[in-house]
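Read through the structure below, which is laid out as structure tokens, and then see the notes.
In the numbering used here, the protein residues as written are 1 to 87.
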């Protein structure tokens with residue numbers, strides 16, 4: 001049951017990032033996304049993945065990895081579309 005709750009929670013977190021990634025990709029604009037938020041979130045997701053391995057939580061590792069991929073996508077778009085253009 002704990003892993004099911006983890007998968008549901010992780011899915012909601014990953015899904016919450018998707019609309020922003022999609023919008024940024026579609027409009028080719030990341031001016032409203034702070035690079036500091038992206039980097040802090042990236043580090044946090046890596047730490048959640050490590051923690052998930054330590055406690056043996058498959059849901060935490062898998063869902064945090066999915067969110068990490070979304071965050072890397074956002075950082076890639078930010079770099080591609082002008083990280084220094086809008087600070």
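Beta carbons: idealized from backbone N, C-alpha and C, even for Gly.
Please read all numbers here as calculations on a predicted model, not as lab measurements.
A distance below 6 Å between beta-carbons, with the five flanking residues on each side excluded, links residue 13 to the following residues of its chain, in chain order: 67. The beta carbon of residue 17 is closer than 8 Å to those of 67, 70, 71 and 74 in its chain, skipping five residues each way along the sequence. In the displayed model, residue 76 falls within a helix according to three-state DSSP. In the three-state DSSP reduction, residue 30 falls in the coil class, being neither helix nor strand. The beta carbons of residue 49 and residue 64 sit closer together than 7 Å. In this structure, the CA atom of residue 62 is about 21 Å from the CA atom of residue 76. Excluding its 5 nearest sequence neighbours in each direction, residue 7 has C-beta neighbours in its own chain below 6 Å: 59, listed in chain order. A residue is called buried once 16 or more other Cβ atoms fall within 10 Å of its Cβ, and residue 31, having fewer, is exposed.
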